[in-house]
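Numbering-wise, the sequence shown is residues 11 to 299 according to the working numbering. Just below is one structure, and these are the notes that go with it.
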Amino acid sequence: MLIACCFESRTTGLSFRSFVSDINPDVIVIQEVRMPAAGSKGATKNSGEIKDDTNSSREEKQILMRALSSSPFRDYRVWSPFALDRTASKHEPDGRVILAEFETFRLLNTYAPNNGWKEEENSFQRRRKWDKRMLEVVVQLSDKPLIWCGDLNVSHEEIDVSHPEFFSAAKVNGYVPPNKEDCGQPGFTLSERKRFGAILKEGKLIDAYRFLHKERDMERGFSWSGNPIGKYRGKRMRIDYFIVSEKLKDRVIQCEMHGHGIELEGFYGSDHCPVSLELSPASPDSNES
Numbered sequence: 011m012l013i014a015c016c017f018e019s020r021t022t023g024l025s026f027r028s029f030v031s032d033i034n035p036d037v038i039v040i041q042e043v044r045m046p047a048a049g050s051k052g053a054t055k056n057s058g059e060i061k062d063d064t065n066s067s068r069e070e071k072q073i074l075m076r077a078l079s080s081s082p083f084r085d086y087r088v089w090s091p092f093a094l095d096r097t098a099s100k101h102e103p104d105g106r107v108i109l110a111e112f113e114t115f116r117l118l119n120t121y122a123p124n125n126g127w128k129e130e131e132n133s134f135q136r137r138r139k140w141d142k143r144m145l146e147v148v149v150q151l152s153d154k155p156l157i158w159c160g161d162l163n164v165s166h167e168e169i170d171v172s173h174p175e176f177f178s179a180a181k182v183n184g185y186v187p188p189n190k191e192d193c194g195q196p197g198f199t200l201s202e203r204k205r206f207g208a209i210l211k212e213g214k215l216i217d218a219y220r221f222l223h224k225e226r227d228m229e230r231g232f233s234w235s236g237n238p239i240g241k242y243r244g245k246r247m248r249i250d251y252f253i254v255s256e257k258l259k260d261r262v263i264q265c266e267m268h269g270h271g272i273e274l275e276g277f278y279g280s281d282h283c284p285v286s287l288e289l290s291p292a293s294p295d296s297n298e299s
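In structure tokens:
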């Protein structure tokens, strides 16, 4: 099974289609794709025509439904079961979480909020709440093999960034947080890295990429790259992941970044590159998918 995690592209759809065609994934997980609720400005409004209910239209729908009901998509459900406040009546409003539940595994897609730079409600405090809830969620989901992917907005270890000293010393407008563990580039503060480590440990999860790649790879080992103009040129981080349950680690064949170099080849106009995970088939006597 091959899963591709892709991000907002500022280029044409042709680039995205070309990438998908090249790797031919079984599942595509998309991040940071926004659709305006009211349609784009200046777009032609629906003039009241009735929906297409011709024989050909119905046949196309039937083909789609047959595809979605065949292996490996048979018997699945999609949830958005997340709120920072456990008493909230609605799903987390930014749309940062999608959980697809299959018969023998779950696929969790998240876009973690950026830590920000300050001790404020929409910065450090929000990220702490997020990490606390994510810990609760992965522990709750541990009864079934889990694949967790997306922009997790954290670089766990020093080898997950190109320039550790630069990111550790980063600050904005001279502001220094009161807690030294909150100092540095969002995504590389000691506080975030410790909390992420706790999530992996208590959730019995492993980082699929780091499981296969033990050393820093300055060419293809990062999923995010700073602006190619200015002080962030060449400064890169690995903040996009495939995290899998420990019970799946022996099935991990490959986990790769599909962008490389400081000129952002393979990033398709985004500051994130696609990431993919390939798992071998489960053994016949296994309960895993």
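Ideal Cβ positions, reconstructed from N, Cα and C, are used throughout, including at glycine.
Burial state of A14 (16 or more Cβ within 10 Å):
If you number the sequence shown from 1, residue 14 lands on position 4. Classification for A14: buried.
In the DSSP assignment, find the alpha helix (DSSP H) that holds F277 and state where it starts and stops.
-> As a working mapping, residue 277 is identified with position 267 in the sequence shown. Premise fails: F277 is in no alpha helix (DSSP H) and is neither H nor E.
Considering only their Cβ atoms, is the gap separating I108 from L162 smaller than 8 Å?
Indexing the sequence shown from 1 puts residue 162 at position 152. Indexing the sequence shown from 1 puts residue 108 at position 98. No, they are not a contact pair.
Checklist line | Boundaries (first-last residue) of the beta strand (DSSP E) holding E288 | finding: For this step, residue 288 is matched to residue 278 along the sequence shown. V285 to L289 is the span of the beta strand (DSSP E), which, as asked, contains E288.
For I239, count neighbouring Cβ atoms within 10 angstroms of its own Cβ and tell me buried if that reaches 16, exposed if not. Working through the sequence shown from its first residue, we reach residue 239 at position 229. The residue is exposed, with fewer than 16 neighbouring Cβ atoms inside 10 Å.
Beta-carbon proximity of V148 to I209, cut-off 8 Å: Within the sequence shown, numbered from 1, the residue matching residue 148 stands at position 138. Within the sequence shown, numbered from 1, the residue matching residue 209 stands at position 199. Cβ distance < 8 Å, so V148 and I209 count as in contact.
**Report entry** Nearest-angstrom Cα separation, counted from V164 out to R226
**Finding:** Taking the first residue of the sequence shown as 1, we reach residue 226 at position 216. Taking the first residue of the sequence shown as 1, we reach residue 164 at position 154. Taking the Cα positions, R226 is about 16 Å away from V164.
- Identify whether M267 lies in helix, strand or coil by the three-state DSSP scheme. Working through the sequence shown from its first residue, we reach residue 267 at position 257. Looking at M267 - three-state DSSP - the assignment turns out to be strand.
Notebook entry, point to check: Considering only residues of the same chain and omitting the five flanking positions on each side of C283, which have a CB-CB separation below 7 Å?
Noted result: Along the sequence shown, one-based indexing puts residue 283 at 273. Hits under 7 Å: S233, M267, H268, G269, G276 and F277.
Counterpart residues of A110 in DSSP-defined beta bridges: Counting from 1 along the sequence shown, the entry for residue 110 is found at position 100. Answer is V88 and L117, bridged to A110.
*asked:* Buried or exposed for N132, going by 16 or more other Cβ atoms inside 10 Å?
replied: As a working mapping, residue 132 is identified with position 122 in the sequence shown. Counting other Cβ atoms within 10 Å of its Cβ, N132 stays below 16 and is therefore classed as exposed.
Quick check on DSSP: helix, strand or coil for L78?
Translated into the one-based positions of the sequence shown, residue 78 becomes position 68. Note on L78: pLDDT 49, under 50, position unreliable in the model; the coordinate value appears next. Three-state DSSP puts L78 in a helix.
Exercise. Given L215, which residues of its chain have a CB within under 8 Å of its CB, disregarding the five upstream and five downstream residues?
Worked result: What you label residue 215 is simply residue 205 of the sequence shown in a count that begins at 1. Excluding sequence neighbours, L215 sits near V148, L156, W158, I209, I253, V254, S255 and E256.
Of the residues D104, G231 and G271, which one's Cα is nearest the Cα of N237? As a first step, residue 237 must be located in the sequence shown, where it is residue number 227. That would be G271, whose Cα lies nearest to the Cα of N237.
Residue ranges of each beta strand (DSSP E) run of no fewer than 3 residues wholly in the stretch 131–161, ordered along the chain?
-> Contiguous beta strand (DSSP E) elements confined to the stretch 131–161 occur at 156–161, taking only those with 3 or more residues.
Exposed unless 16 or more other CB atoms sit within 10 angstroms - verdict on E212:
Start at 1 with the first residue of the sequence shown, and residue 212 comes out as number 202. Looking at its Cβ environment, which holds fewer than 16 other Cβ atoms inside 10 Å, E212 is exposed.
**Report entry** DSSP beta-bridge partners of L200
**Finding:** Stepping through the sequence shown from its first residue, residue 200 is reached at position 190. DSSP lists no partner for L200.
Just to confirm the assignment, what range does the alpha helix (DSSP H) spanning F221 have? By 1-based counting over the sequence shown, the position of residue 221 is 211. Unbroken alpha helix (DSSP H) run through F221: A218 to L222.
- [ ] For Y219, I'd like the list of residues in its chain whose CB is within less than 6 Å of its CB, leaving aside the five on either flank, ordered along the chain.
- [x] Indexing the sequence shown from 1 puts residue 219 at position 209. Cβ neighbours of Y219 beyond the five flanking positions: C265.
Note to self: With distance defined between alpha-carbon atoms, name the residue in V182, K204 and K154 nearest to E167.
What the structure shows: Translated into positions along the sequence shown, residue 167 becomes position 157. Minimum Cα distance to E167 is reached at K204.
Can you check DSSP and say which residues form a bridge with F17?
-> The sequence position of residue 17 within the sequence shown is 7, counting from 1. None; F17 has no bridge partner.
Open item on the list: Quick test of your reading: D217 and Y251, contact by CB under 8 Å. State the CB separation rounded to the nearest angstrom.
Closed with: By one-based count along the sequence shown, residue 217 stands at place 207. By one-based count along the sequence shown, residue 251 stands at place 241. Yes, they are in contact, since the Cβ atoms of D217 and Y251 sit about 6 Å apart, within 8 Å.
Open item on the list: Can you tell me whether I40 is helix, strand or coil according to DSSP?
Closed with: Sequence index remark: in the sequence shown, residue 40 carries index 30 (1-based). Residue state, collapsed to three classes: strand.
How long is the line joining the alpha carbons of N119 and G160, rounded to whole angstroms? Start at 1 with the first residue of the sequence shown, and residue 119 comes out as number 109. Start at 1 with the first residue of the sequence shown, and residue 160 comes out as number 150. Answer to the nearest angstrom: the Cα atoms are 6 Å apart.
Subject >> Identity of the residue in S172, C193 and T114 nearest K154 by Cα >> reply: Sequence index remark: in the sequence shown, residue 154 carries index 144 (1-based). The shortest C-alpha separation from K154 is found at T114.
For this session: Apply the 10 Å Cβ neighbour rule to K241 and answer buried if 16 or more other Cβ atoms are within range, or exposed otherwise.
Result: As a first step, residue 241 is located in the sequence shown; it is residue number 231 there, counting from the start. By the 10 Å Cβ count, K241 comes out exposed.
S255 - containing beta strand (DSSP E), residue span = One-based indexing of the sequence shown puts residue 255 at position 245. Element bounds for S255: D250 to S255.
**Request:** Give the straight-line distance between the Cα atoms of D32 and E129, rounded to the nearest whole angstrom.
**Result:** Position 22 of the sequence shown, counted from the start, is the residue given in the question as residue 32. Position 119 of the sequence shown, counted from the start, is the residue given in the question as residue 129. For D32 and E129, the distance between alpha carbons rounds to 44 Å.
(Q) Starting from F232, trace the alpha helix (DSSP H) in both directions and tell me its first and last residue. (A) On the sequence shown, position 222 is the one that residue 232 refers to. Counting along the chain, F232 falls outside any alpha helix (DSSP H), and DSSP gives it neither H nor E.
In or out: S28 buried (at least 16 other Cβ within 10 Å) or exposed?
Here residue 28 corresponds to residue number 18 of the sequence shown, with the count starting at 1. Exposed is the call here.
Item to complete: Tell me where the alpha helix (DSSP H) around S178 begins and ends.
Response: Indexing the sequence shown from 1 puts residue 178 at position 168. Boundaries of the alpha helix (DSSP H) harbouring S178: P174 to A179, taken from the DSSP string.
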